[in-house]
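Engineer: Residue numbers (the working numbering), protein chains in the order written: chain A, 1 to 190; chain B, 1 to 190. Even glycine gets a Cβ: it sits at the ideal position worked out from N, Cα and C. All of these numbers come straight from a predicted model, not from anything done at the bench.
There are 2 protein chains.
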Amino acid sequence: MARKNPLPDRRDVILAAAVATLREVGYVGFTQPRVAKRAEVRQSHLTYYFPTRLALLEAVARIVVENHLALLDESLQVSSVQAAIKAIASVVGRPENTRVLLALAQAADEESCLSDVFRDLADGVALRIGRLCEKLDVPATPDQISLVHAAVVGLAVLNLATQRPNPKTRVEATLACAFSPLQSSRRPCA
Amino acid sequence: MARKNPLPDRRDVILAAAVATLREVGYVGFTQPRVAKRAEVRQSHLTYYFPTRLALLEAVARIVVENHLALLDESLQVSSVQAAIKAIASVVGRPENTRVLLALAQAADEESCLSDVFRDLADGVALRIGRLCEKLDVPATPDQISLVHAAVVGLAVLNLATQRPNPKTRVEATLACAFSPLQSSRRPCA
DNA sequence: GTCTATAGATAGATAGAC
DNA sequence: GTCTATCTATCTATAGAC
Numbered sequence: 001m002a003r004k005n006p007l008p009d010r011r012d013v014i015l016a017a018a019v020a021t022l023r024e025v026g027y028v029g030f031t032q033p034r035v036a037k038r039a040e041v042r043q044s045h046l047t048y049y050f051p052t053r054l055a056l057l058e059a060v061a062r063i064v065v066e067n068h069l070a071l072l073d074e075s076l077q078v079s080s081v082q083a084a085i086k087a088i089a090s091v092v093g094r095p096e097n098t099r100v101l102l103a104l105a106q107a108a109d110e111e112s113c114l115s116d117v118f119r120d121l122a123d124g125v126a127l128r129i130g131r132l133c134e135k136l137d138v139p140a141t142p143d144q145i146s147l148v149h150a151a152v153v154g155l156a157v158l159n160l161a162t163q164r165p166n167p168k169t170r171v172e173a174t175l176a177c178a179f180s181p182l183q184s185s186r187r188p189c190a
Numbered sequence: 001m002a003r004k005n006p007l008p009d010r011r012d013v014i015l016a017a018a019v020a021t022l023r024e025v026g027y028v029g030f031t032q033p034r035v036a037k038r039a040e041v042r043q044s045h046l047t048y049y050f051p052t053r054l055a056l057l058e059a060v061a062r063i064v065v066e067n068h069l070a071l072l073d074e075s076l077q078v079s080s081v082q083a084a085i086k087a088i089a090s091v092v093g094r095p096e097n098t099r100v101l102l103a104l105a106q107a108a109d110e111e112s113c114l115s116d117v118f119r120d121l122a123d124g125v126a127l128r129i130g131r132l133c134e135k136l137d138v139p140a141t142p143d144q145i146s147l148v149h150a151a152v153v154g155l156a157v158l159n160l161a162t163q164r165p166n167p168k169t170r171v172e173a174t175l176a177c178a179f180s181p182l183q184s185s186r187r188p189c190a
């Protein structure tokens, strides 16, 4: 949904600032004054475009989901399982990516209207994992896709919160483990 | 570390209230006034026992980790993989459980001193999954344990945030998928 | 329609009374 | 050592100026 072109639109500047703020400082630091400062408008001005905090959050959530799915689409243009694993690990490895999704999860828990947006995200990710498997000619049942999906989410959260060094090696090893039964099923043993 | 017995200790009352608050309303709702109200003390009194919000949070985090690991120990006294899956799904299915761990993850992202506590949690969970596999005579590599761990975390977060109906069936199916390669490897096909 | 000054609410922390 | 009145900072929202 592109906006009518003429005005670069103050609104979009604010939204961009809001997304950046959320990525940097997470859910609790996501306040109107902080966003306003980054967008270089007065806080009281911000409330003209987004009358309430929830309104801003909702708009931001949609953009965040859109951005994340686009990032996945870009990252998953790979032609081998190993490359896919590396790509996923790269996305998962960036704390800002996880932070913003964690914020969204929390927001969804608080405001049920945001659950819809989060479902769009979850469905989008699952869809892309399924497509990936298809493209790589790896047969996967819905449950297997769900497993990979859950594992990716879990790894992201664990990485962000434990702040361990070398997250990527661990993520890659774990994901390899998630994909290996799928691959081996190409030469069925039964 | 049991406290010296005599006094039921105002401090413990406050901590219990704090944990309950965190479970109910999550990280953003976790404020000194709210905790104080639940503990039936003045907010300004609370600061005597916990001079800063972070001090309270740290104490609460330790208790939360302890509680969660104890809950796992209790739940995982099972004698089959299927029972284990059901037990895990039951823990994951309770929003309060996930909410409080999500809060901890976020807190860890903000205050690096809480990462230590979160690591204790993560290590404890991984350890227990490993023990479970051993007890059930299911061979599992560290990577496979890591996969189950990540999947459990991911499922919990996805459930909380999407608020879909029938979470348990989905969780159980996904976990079954995580365990199945481990089980089948008991009768190796190669 | 665009923006701002200001009010109203709530958080966290301090200094000091008992 | 235990507890409280109070202050400051910060957030969100409104009424109204341009």
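1) Going along chain B in order, which residues have a C-beta closer than 9 Å to the C-beta of residue 152 of chain A?
2) What is the residue span of the alpha helix (DSSP H) that residue 82 of chain A lies within?
3) How big is the Cα-Cα spacing for residue 136 of chain A and residue 180 of chain A?
4) Considering Cα atoms alone, identify which of B:14, B:28, B:21 and B:141 is closest to residue 110 of chain A.
5) Between the C-alpha atoms of residue 105 of chain A and residue 118 of chain A, what's the straight-line distance to the nearest angstrom?
6) Please name the residue in A:115, A:140, A:139 and A:131 whose C-alpha comes closest to that of residue 165 of chain B.
7) Can you pull out the residues from the region 105-116 of chain A whose beta carbon lies closer than 8 Å to at least one beta carbon of chain B?
8) Can you say whether residue 45 of chain B is buried or exposed, counting buried as having 16 or more other CB atoms within 10 angstroms of its CB?
9) Alpha carbon to alpha carbon, how far is residue 168 of chain A from residue 72 of chain A? Give it in angstroms, no decimals.
10) Nearest to residue 60 of chain B by CA position, among B:34, B:33 and B:21, is which residue?
11) Between residue 82 of chain B and chain A, is there a C-beta pair that is closer than 9 Å?
12) I want to verify the contact list: residues of chain A whose CB lies under 7 Å from the CB of residue 191 of chain B, in sequence order.
13) For residue 140 of chain A, which residues from the same chain have a beta carbon less than 6 Å from its beta carbon, with the 5 sequence-adjacent residues on both sides left out?
14) Cβ atoms of residue 121 of chain A and residue 101 of chain A: under 9 Å apart, would you say?
15) Going by other Cβ atoms of all chains shown within 10 Å of its Cβ, with 16 needed for buried, is residue 42 of chain A buried or exposed?
16) For chain B, is any of its Cβ atoms less than 9 Å away from the one on residue 147 of chain A?
17) Do the region 66-80 of chain A and the region 48-55 of chain A make contact, defined as three or more Cβ pairs closer than 8 Å?
18) Against residue 124 of chain A, what residues of chain B qualify as contacts under a CB-to-CB distance less than 8 Å, listed in chain order?
19) Starting from residue 118 of chain B and walking both ways along the alpha helix (DSSP H), at which residues does that stretch end?
20) Using a Cβ-Cβ distance cut-off of 9 Å, determine whether residue 178 of chain B contacts chain A.
21) Where residue 128 of chain B and residue 58 of chain B are concerned, what is the direct C-alpha to C-alpha distance, given to the nearest angstrom?
22) Can you tell me whether residue 194 of chain B is helix, strand or coil according to DSSP?
23) Whose CA, out of B:154, B:13, B:146 and B:174, lies closest to the CA of residue 142 of chain A?
24) Closer than 9 Å, CB to CB, is residue 139 of chain B near chain A or not?
25) Could you tell me whether the Cβ of residue 18 of chain A comes closer than 9 Å to any Cβ of chain B?
26) Skipping 5 residues on each side, what residues in its chain have a beta carbon closer than 6 Å to that of residue 38 of chain B?
27) For the region 78-87 of chain B against the region 153-163 of chain B, are there 3 or more C-beta pairs whose distance is under 8 Å?
28) Quick check: what's the CA-CA separation for residue 19 of chain B versus residue 30 of chain A?
29) How far does the alpha helix (DSSP H) with residue 165 of chain B in it extend, from its first residue to its last?
Structural biologist: Answer, in terms of the structure:
1) 150 and 154
2) 81-93
3) The straight-line gap separating the alpha-carbon atoms of residue 136 of chain A and residue 180 of chain A is approximately 13 Å.
4) B:28
5) C-alpha of residue 105 of chain A to C-alpha of residue 118 of chain A: approximately 7 Å in a straight line.
6) Answer by Cα proximity: A:115.
7) 105, 106, 108, 109, 110, 112 and 115
8) exposed
9) 17 Å
10) B:21
11) Residue 82 of chain B does not count as touching chain A.
12) With chain B running from 1 to 190 in the structure shown, residue 191 of chain B is simply not present.
13) 133 and 182
14) yes
15) exposed
16) yes
17) no
18) Near residue 124 of chain A there are no residues of chain B at all, since even the closest Cβ is about 12 Å away, more than 8 Å.
19) 113-135
20) Judged by the 9 Å Cβ criterion, residue 178 of chain B is in contact with chain A.
21) A direct Cα-Cα distance of roughly 23 Å separates residue 128 of chain B from residue 58 of chain B.
22) The structure shown has nothing for residue 194 of chain B, since chain B only spans 1 to 190.
23) B:174
24) Chain A contact via Cβ: absent.
25) no
26) 17 and 21
27) The region 78-87 of chain B is not in contact with the region 153-163 of chain B.
28) 24 Å
29) Neither: residue 165 of chain B is in no alpha helix (DSSP H) and is coded neither H nor E.
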